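Here the structure comes first, spelled out in structure tokens, and everything after it is commentary.
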Amino acid sequence: MRIASRLIINTLINQKIGTLIIGHNQEWKQKINLGKRNNQNFVSVPYNRLIEMLCYKAKMVGINVILTEESYMSKASFIDNYLIPVYNKSEKNQVTFSGKRIKRGLYSTASKRLINEVC
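Heads up: the sequence shown begins at 147 in our numbering, then just goes up one per residue.
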């Protein structure tokens with residue numbers, strides 16, 4: 147985790163990026179169903195520890211860190227000024243967006259502008 151967090155922070159410094167946004171969901175590893183082997187590999191990764199290390203190292207070099215709930219991150223468009231809603235299992239209301247995700251890594255905004263979401 148130390149090396150991974152250092153590589154991420156160094157990349158942010160080299161690219162002159164001043165804000166790191168980390169998507170995080172409470173209890174996101176609970177009741178996961180990726181198959182027996184993938185579950186074992188995925189659940190054992192200490193993501194909370196990685197997030198703690200990223201926050202600490204970012205603060206040391208003056209990078210802002212924002213933790214956000216990520217249920218709708220792949221659907222919400224910054225260009226269209228969407229706020230990312232928080233998923234609530236008990237609410238029946240569906241959240242709708244005017245843009246759409248075309249395929250993994252490609253998003254179309256409300257104005258039909260194509261954006262690669264993995265930069």
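No residue lacks a Cβ here, since even glycine has one placed at the ideal position from N, Cα and C.
Every value quoted in this text rests on a predicted model; they were computed, and no experiment measured them.
Using a Cβ-Cβ cut-off of 7 Å (strictly less than) and excluding sequence neighbours within five positions of L260, which residues of its own chain qualify? L252 and S254, listed in sequence order.
Within 10 angstroms of the Cβ of A150, are there 16 or more other Cβ atoms? Answer buried if so, exposed if not. Burial check for A150: the Cβ neighbour count within 10 Å stays below 16, so the residue is exposed.
For Y202, which option in I154, T214, Q161 and G169 has the closest C-alpha, if you only look at C-alpha atoms? Of the candidates I154, T214, Q161 and G169, I154 places its Cα closest to the Cα of Y202.
Within this structure, are the beta carbons of R195 and M147 separated by less than 7 Å? By the CB criterion at 7 Å, R195 and M147 fall inside the cutoff.
Would you say I209 and L158 are within 7 Å of each other, going by their C-beta atoms? Yes, the Cβ-Cβ distance between I209 and L158 is below 7 Å.
Applying the criterion that 16 or more other CB atoms from any shown protein chain within 10 Å of the CB defines a buried residue, is L200 buried or exposed? L200 is buried by the Cβ-count criterion.
So I163 and V211 are in contact, right, with Cβ under 8 Å, and what is the actual spacing, rounded? Approximately 11 Å separates the beta-carbon atoms of I163 and V211; this is outside 8 Å, ruling out the contact.
Quick check: A117 and L166, are their CB atoms within less than 7 Å of each other? Nothing about residue 117 can be reported from this structure: the residues present for the chain run from 147 to 265 only.
How would you write the range of the beta strand (DSSP E) that S254 sits in, first residue to last? Looking at the DSSP string, the run of the beta strand (DSSP E) that includes S254 is L252 to S254.
R250: which of N262, P192, K258 and N160 sits nearest, CA to CA? The shortest C-alpha separation from R250 is found at N262.
Grouping DSSP H, G and I as helix and E and B as strand, with all else coil, what is I163? Judged by DSSP in its simplified three-state form, I163 adopts coil rather than helix or strand.
Since N156 contacts E215 with CB under 8 Å, what's their CB separation in whole angstroms? Their Cβ separation, rounded to whole angstroms, is 27 Å, which puts N156 and E215 out of contact at 8 Å.
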